Amino acid sequence: MDEVTKVIIEVKDWKVIRELNPNQSKHRMDKHKWKKKQEQQILAYYHEIHWTLRPEQPWEKAHLKVTFMPDKESPGKGRDLDNLIASIKGAIDGLIGVLILDDSAKRLTQEHYYQVDRENGPKIIYEYTKVD
């Protein structure tokens with residue numbers, strides 16, 4: 000069997016979880032509950048789509064490209080990319096030990112994009128690539 004070096008997870012009907020926005024004044028247990036729910040969701044997507052295409056062992060190092068694709072422009076100045084990044088922490092943590100060893104800066108590099116897709120959005124695409 001060929002070694003798996005790339006995994007793409009596309010989450011359709013994606014919506015920002017407001018409780019995970021760092022600007023929201025929510026109790027830490029509320030944020031924890033939503034983060035855990037997000038971890039379980041991404042793991043379910045991963046198993047549903049990539050159960051047979053997953054690496055035998057979690058990768059030592061990887062690069063993650065995240066593309067946020069809403070179906071319409073946000074009103075006013077638009078979305079803050081840094082808040083969107085904070086809102087997906089649970090999704091990244093959900094694949095620790097399954098796809099990647101951990102999400103430390105030493106092991107996981109990241110890039111993030113925001114692009115409106117009126118026809119196919121809203122969705123978010125996580126593209127993991129193994130790094131040697």
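Numbering of the sequence shown is given in numbering that gives the first Met the number 0, commencing with residue 0 and proceeding in unit increments.
Think of the CB as a built atom: it goes at the ideal place given N, C-alpha and C, for glycine as much as any other residue.
Note that this is a predicted model, so its numbers are computed, not measured.
Buried versus exposed, by CB contacts within 10 Å (16 or more), Lys-5: With fewer than 16 other CB atoms across the displayed protein chains lying within 10 angstroms of its CB, Lys-5 is exposed.
Reduced DSSP secondary structure (H/G/I, E/B, other) of Ile-99: Strand at Ile-99.
Local conformation of Gln-109 per DSSP, three classes: In the structure shown, Gln-109 sits in a strand (DSSP, three-state: E or B).
8 Å Cβ shell around Asp-98 - same chain, five flanking residues per side excluded: Residue identity check: residue 98 is Leu in the sequence provided, not Asp. The answer, listed in chain order, is Val-6, Tyr-45, Arg-53, Pro-54, Pro-57, Trp-58, Ala-61 and Tyr-127.
Helix, strand or coil at Glu-55 [DSSP, three-state]: If DSSP states are grouped into helix, strand and coil, Glu-55 belongs with coil.
Whole-angstrom distance between Tyr-112 and Asp-81, CA atom to CA atom: Between the alpha carbons of Asp-81 and Tyr-112 lies a distance of about 11 Å.
Span separating the alpha-carbon of Ser-86 from that of Glu-2: Between the C-alpha atoms of Ser-86 and Glu-2 there is a straight-line separation of about 31 Å.
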